[in-house]
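2 protein chains.
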Amino acid sequence: MQPLKLTLALDMMGGDHGPHTTIPAALAAVCEYSDLHLILCGDEAILTEQLKLHGVFPHPQLSIRHSSQVVSMAEKPSVALRSKRDSSMRVALDLVEKGEVQACVSAGNTGALIAMAHFVLKMLNGVDRPALISALPAIESNPVYMLDLGATVNCDADTLFQFAVMGAVMAEEVIGISQPKVALLNMGEEEIKGSDQIKRASMLLSECNDINYIGYIEGNDIFTGKADVIVCDGFVGNVALKTCEGVAKLILRRFETSIKDKVTAQLFGWLIKPFIKNLYLGVNPDHYNGASLLGLRGIVVKSHGNATKEAFLSAIRQAVREVERQVPAKIKGRLEHVLIDKA
Amino acid sequence: MQPLKLTLALDMMGGDHGPHTTIPAALAAVCEYSDLHLILCGDEAILTEQLKLHGVFPHPQLSIRHSSQVVSMAEKPSVALRSKRDSSMRVALDLVEKGEVQACVSAGNTGALIAMAHFVLKMLNGVDRPALISALPAIESNPVYMLDLGATVNCDADTLFQFAVMGAVMAEEVIGISQPKVALLNMGEEEIKGSDQIKRASMLLSECNDINYIGYIEGNDIFTGKADVIVCDGFVGNVALKTCEGVAKLILRRFETSIKDKVTAQLFGWLIKPFIKNLYLGVNPDHYNGASLLGLRGIVVKSHGNATKEAFLSAIRQAVREVERQVPAKIKGRLEHVLIDKA
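Top line first, the protein sequences correspond to chains A and B. Numbering follows the numbering used here, with no gaps: position 276 of the first sequence is 983. Numbering follows the numbering used here, with no gaps: position 265 of the second sequence is 972.
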């Protein structure tokens, strides 16, 4: 059953700040989209109280679905999967599965979300493993989609190939790039470099007419716009993304230290600091954008655990965009097409 | 035969700038170390001419070893290994092997250097594969050693364990940290995360009393000083290091763009720009520091292909330090000790 209206489920209890962040973001979202309905999953008493505090209870675009449990940020995915069947996260995913909503958004425990989403929603035909994808900032170009950012640790060549197809669909449908340039992240640009899986994935992509495959790309070219879609396994993607965060923090801290050291800088610190802060946010996509879980029979957007209201709102917007563009159906269609083409 | 004096071989023709960079760096090095002798490997005519241009020919601390070939930056390692036996790179490595010098430094083709060094110098007993290690900057702490940065793509648990031992020796001997904290780079800090190799390497390290193993570390903690030595396979390390370079460039460019956009920033750009430039250099270790090739029966330091005079000089200094601290012998000794301990 497809709901007539645009309806999303939100995991209200997930993330470091729970309803303190998710309630304001939900209210901002229903202001922004007059046709959006949100089902708020979580502790009914807490959510009602919070909505009343904001003076918006009842609200015509919001409803509450009670859940008695919360998946904690430190919880093991396997434990959450077994024992948290009435958690706000699980209830939100179940709503997607039942077709009561078209997507769900959570800022909760990433590992648990991936495990639960995989279990509840199942994989699309033609996709072996799920992938987390996020849009990274780029120098003078559209954002760059990178996947997998940590859903699947070990990827064989077929999985990397499927990720490439899914990433291309996202770039086309969500950003609107026609014929997006797809690259494999590798430790060199030469054909002979890299692991056997990567070499084989490169071969598969070279042979596929439906994908604008441009070859290998190195870490220093992630942000240059050389590629629109960058494909890697979840281990490498996760390390690369978190390293970005580390470098941005290092630069911010070094900058603060050098300000303290120099008198002229102290005088003008008020001018420089906001710049650096903005730069930091701009290159810290993990904190800013949501990451989408691709390859499933439903739309799941993951917001950062430490997400602010703005970041959670941005994840809701992303879910809306994916619903409007019907991303899972497009992925399914494209994969079928590519596989027929290959056969 | 161990030379009595401190003697290094330099690959003068390697890197993007060849003698234009390596000659000034060599001259600065012999000024800095009065007991240092350098054997300059490369085209004798070019090197003599360059030294004459600098007005220092002959120089008591410098000698030239002619070589007729150059390994180009784009050359395949296997081709260089087979067909460039009289290249400046190979001649410099041969001098290490023959004991005529105690170390060599090159800014040439990394893949070719690793392949040639492996072939010419051979592995130390107890080490399966070579590793590239470099000191990265850290927030309010000593630099952090990270390895492998690209010498060995696929590492099993034993190889990662050996890398951990080699990294610890470097941190102790070169930076002087007693009981350096050693961590494995992973996509989460929990015991259950990561590939099988990493989990098994973690077990091996936990059981080893000689290594101060602190567990897993994530990409965002590379620069925090949480660990003194960070161990990963060459693929992940290479991607992480190059991603750092990419982020630093992104920040620099974004900064330049925002300066253009804002009038106040335009006015004060003269003040802000040097800060950002310094920050960029400070977080761009690949360009700044040399990387050492560990696990071989000799000392090889790799300077960045695009190295400036300062960067190449810094690589020479690093080679001197490793000779003084007898790093390969210390690694050999420590590995023997650890292996006896394990048995």
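All residues carry an ideal CB built from backbone N, CA and C; glycine is no exception.
- For A:ALA781, the secondary structure class from DSSP, reduced to helix, strand or coil, is coil.
- Contacts with chain B at 8 Å (Cβ-Cβ) do not include A:GLU782.
- In this structure B:ALA819 touches B:MET796 by the C-beta definition: roughly 7 Å separates them, less than 8 Å.
- Around the beta carbon of A:LEU802, 16 or more other beta carbons lie within 10 angstroms, which makes this residue buried.
- For A:LEU1042, no chain B residue has a C-beta closer than 8 Å to its own C-beta; the minimum C-beta separation is roughly 26 Å.
- In this structure, A:ILE921 keeps its C-beta atom at 8 Å or more from the C-beta atom of A:VAL954.
- Nearest in C-alpha terms to B:ALA842, of all of B:MET894, B:LYS783, B:GLY944, is B:GLY944.
- In chain order, ASN816, ALA819 place their CB closer than 7 Å to the CB of A:GLU782, counting only its own chain and leaving out the 5 sequence neighbours on each side.
- For a cut-off of 8 Å, the C-beta gap from B:LYS1016 to B:ALA736 is around 10 Å, too long to register as a contact.
- Following the DSSP letters along the chain, one finds B:ASP801 inside the alpha helix (DSSP H) bounded by residues 795-804.
- Between the alpha carbons of B:PHE826 and B:CYS951 lies a distance of about 31 Å.
- Residues are counted here when their Cβ sits less than 8 Å from a Cβ of chain A; for the region 933-961 of chain B these are CYS939, GLY941, PHE942, VAL943, ASN945, VAL946, ALA947, LEU948, LYS949, THR950, CYS951, GLU952, GLY953, VAL954, ALA955, LYS956, LEU957, ILE958, ARG960, ARG961, given in chain order.
- Under the 10 Å beta carbon count, B:LYS949 is surrounded by 16 or more other beta carbons and is classified as buried.
- The secondary-structure analysis by DSSP pairs B:TYR920 across a beta bridge with B:VAL889.
- With three or more CB-CB distances shorter than 8 Å, the region 880-895 of chain B counts as touching the region 1016-1034 of chain B.
- Using a Cβ distance threshold of 8 Å, A:LEU788 and A:LEU747 do not count as a contacting pair.
- Secondary-structure assignment with DSSP links A:TYR852 through a beta bridge to A:ALA842, A:VAL936.
- Under the criterion of beta carbons closer than 8 Å, B:ASP940 and B:LEU867 qualify as touching, at roughly 7 Å.
- Our two residues, B:LEU891 and B:ILE924, have alpha carbons roughly 6 Å apart in a direct line.
- In the structure shown, B:ILE730 falls within a helical segment according to DSSP collapsed to helix, strand and coil.
- For A:GLY926, the residues of chain B that pass the 8 Å Cβ criterion are ASN945, VAL946, ALA947, LEU948, LYS949, THR950, CYS951, GLU952, GLY953, in the order they occur in the chain.
- Apart from sequence neighbours up to five positions away, the residues of its chain that approach B:GLN776 with a beta-carbon distance below 6 Å are LYS791, ASP793, SER794, ordered along the chain.
- For B:GLY901, a Cβ of chain A is located within less than 8 Å of the residue's own Cβ.
- Residue range 743-749 is occupied by the beta strand (DSSP E) that includes A:LEU745, with no alpha helix (DSSP H) assigned at that position.
- B:LEU754 sits buried, since 16 or more C-beta atoms from the chains shown fall within 10 Å of its C-beta.
- The beta carbon of B:GLN757 lies closer than 6 Å to those of PRO726, ILE730 in the same chain, with the five residues before and after it left out.
- Excluding the 5 residues flanking it on each side, B:PHE1019 has same chain C-beta neighbours closer than 7 Å at THR728, THR729, ALA732, ALA814, SER1010, in chain order.
- Exclusion of the five residues before and after B:GLY857 leaves LEU839, GLY941, ASN945 as the residues of its chain whose Cβ lies within less than 6 Å of its Cβ.
- Distance check between B:THR859 and each of B:ILE821, B:LYS829, B:GLU1043 places B:ILE821 closest, using alpha-carbon atoms only.
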